[in-house]
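These protein sequences, in sequence, are chains A and B.
Going left to right, the first sequence walks through residues 119 to 332 as our numbering numbers them.
Going left to right, the second sequence walks through residues 39 to 128 as our numbering numbers them.
Where a beta carbon is used, it is the ideal one built from N, C-alpha and C, also for glycine.
Notes follow the structure.
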Amino acid sequence: MNDSELAISFAIFAAKQRDASEVEPEHLLLGCLRAISRFGIATLGPWDLDLESHGIDWTRQPDGPRPKVAFSQTVVELLDRAAQIAKSAGESKVGVNHLLAAFANVDDGLMGELKRKHGMASASWRAAVAQLGFTPPVVAQANHPAIETKRARDYLTPEDAAEELGVHVQTMRAYIRSGRMPAFRLAGERAIRILRTDLEKVLEPLNEVKNGDK
Amino acid sequence: MPFFVVKRDLPGVTPEALQSAGLRAKSCCSEMTTEGKPVRWVRSFFLPETAQTHCYFEAPSRAAVEEANQRARIPFTQIVEVVEMTPEMV
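This is the structure in structure tokens:
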């Protein structure tokens, strides 16, 4: 599954979660943002977009039978536009960056909200998407130096890591989102693993905290 | 599993619109397969002289192929079962 298929799969999931009968532009945009996100944050140019604030549970996978959904005519037009953008860029396949670029001139719905909230203009959105230089997170992490040393080590799920530290799993997710807790995805999966030896990275000596507060 | 051909008349269709339709077909087949209704888009042929496409699907029933195309919002004129024959078979 390539990145645009992943984005569309997430879009269908978002539509089903909302019991919608059609995949609407809002679902497609959320699907694209989820496809480029890491730990629930989609970074586009200067903007860090928190998916949870838009009702996306980035740890959930589609599960169980749900009502079927079809693509809305508006989404068909957005996908057609994305294919035209890909062609103009000289690329043979439609990528998630082309899907996102297709939203540049959309001013209503979720895209309109994002533009107003973050002061985005159509041109700055296009520029941010162009900078995306999309590399799937899994591939990016496979090149992470820490991966080279992980084989002999012990990995934990976010739930296990939260239990080890005696904190709520939501707290652990907040550590991951903020970058304070290094975390990794399993190749090709949404599942997250944390190095046991990284657990102490969120532990701050009490004296240093006090000194820092002075 | 049976094969079906989906016939479409698409006057004025652009290569980009065909690509978009392909992306939708692929996604909907994948979604239906996940739901336990396996549908596979095998391949398509575009006939430029008549602006028709013949799209081949593998599915347990004609209804499943019809549903995949409706979900993908790709118009069609006819869906019929086909029997595959290749040079290796004769």
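Quick test of your reading: residue i and residue j, contact by CB under 8 Å. State the CB separation rounded to the nearest angstrom.
| i | j | result |
| --- | --- | --- |
| valine 212(A) | alanine 204(A) | 5 Å |
| valine 44(B) | phenylalanine 114(B) | 5 Å |
| arginine 314(A) | aspartate 272(A) | 4 Å |
| valine 141(A) | valine 214(A) | About 15 Å separates the two Cβ atoms, so there is no contact after all. |
| leucine 217(A) | serine 122(A) | 6 Å |
| serine 58(B) | aspartate 198(A) | 5 Å |
| alanine 220(A) | leucine 196(A) | 5 Å |
Counting along the chain, where does the alpha helix (DSSP H) carrying residue i start and finish?
| i | result |
| --- | --- |
| isoleucine 174(A) | No alpha helix (DSSP H) contains isoleucine 174(A), which DSSP labels as neither H nor E. |
| valine 214(A) | 214 to 219 |
| serine 155(A) | Where serine 155(A) is concerned, there is no enclosing alpha helix (DSSP H), given that its DSSP letter is neither H nor E. |
| leucine 232(A) | 227 to 236 |
| serine 99(B) | Run containing serine 99(B): none; DSSP gives neither H nor E here. |
| valine 193(A) | 191 to 206 |
| arginine 244(A) | 240 to 250 |
| glutamate 281(A) | 276 to 283 |
So the beta strand (DSSP E) residue i belongs to, where does it begin and stop?
| i | result |
| --- | --- |
| leucine 167(A) | 165 to 168 |
| lysine 45(B) | 41 to 47 |
| valine 118(B) | 116 to 120 |
| isoleucine 294(A) | That residue, isoleucine 294(A), is in no beta strand (DSSP E); its alpha helix (DSSP H) goes 287 to 296. |
| isoleucine 130(A) | Not the beta strand (DSSP E): isoleucine 130(A) falls in the alpha helix (DSSP H), residues 121 to 135. |
| arginine 311(A) | 310 to 313 |
Do residue j and residue i come within 8 Å of each other at the CB atom, strictly closer than that value?
| i | j | result |
| --- | --- | --- |
| isoleucine 76(A) | arginine 156(A) | Given that chain A is displayed from residue 119 to residue 332, the structure contains no residue 76(A) and the question cannot be resolved. |
| valine 285(A) | glutamate 277(A) | no |
| glutamate 105(B) | methionine 70(B) | yes |
| leucine 317(A) | glutamate 281(A) | no |
| arginine 62(B) | arginine 111(B) | yes |
| serine 82(B) | threonine 88(B) | no |
| arginine 109(B) | cysteine 66(B) | yes |
| glutamate 54(B) | alanine 201(A) | yes |
| glutamate 126(B) | phenylalanine 41(B) | no |
| isoleucine 294(A) | alanine 301(A) | yes |
| isoleucine 154(A) | leucine 250(A) | yes |
Among all the DSSP beta bridges, which residues are the ones paired with residue i?
| i | result |
| --- | --- |
| histidine 145(A) | Beta-bridge pairing links histidine 145(A) to no other residue. |
| alanine 160(A) | Leu167(A) |
| cysteine 67(B) | Beta-bridge pairing links cysteine 67(B) to no other residue. |
| alanine 59(B) | Paired residue(s): none; alanine 59(B) is not in a bridge. |
| alanine 305(A) | DSSP lists no partner for alanine 305(A). |
| glutamate 126(B) | In the DSSP output, where bridge partners are listed per residue, glutamate 126(B) has none listed. |
| threonine 91(B) | Arg46(B), Phe84(B) |
Is it true that the segment 218 to 229 of chain A meets the segment 146 to 163 of chain A, where meeting means three or more beta-carbon pairs spaced less than 8 Å apart?
yes
Between the segment 161 to 171 of chain A and the segment 301 to 313 of chain A, can you find at least three pairs of beta-carbon atoms closer than 8 Å?
no
Inspect the CB distances between the segment 76 to 84 of chain B and the segment 116 to 125 of chain B and report whether three or more fall short of 8 Å.
no
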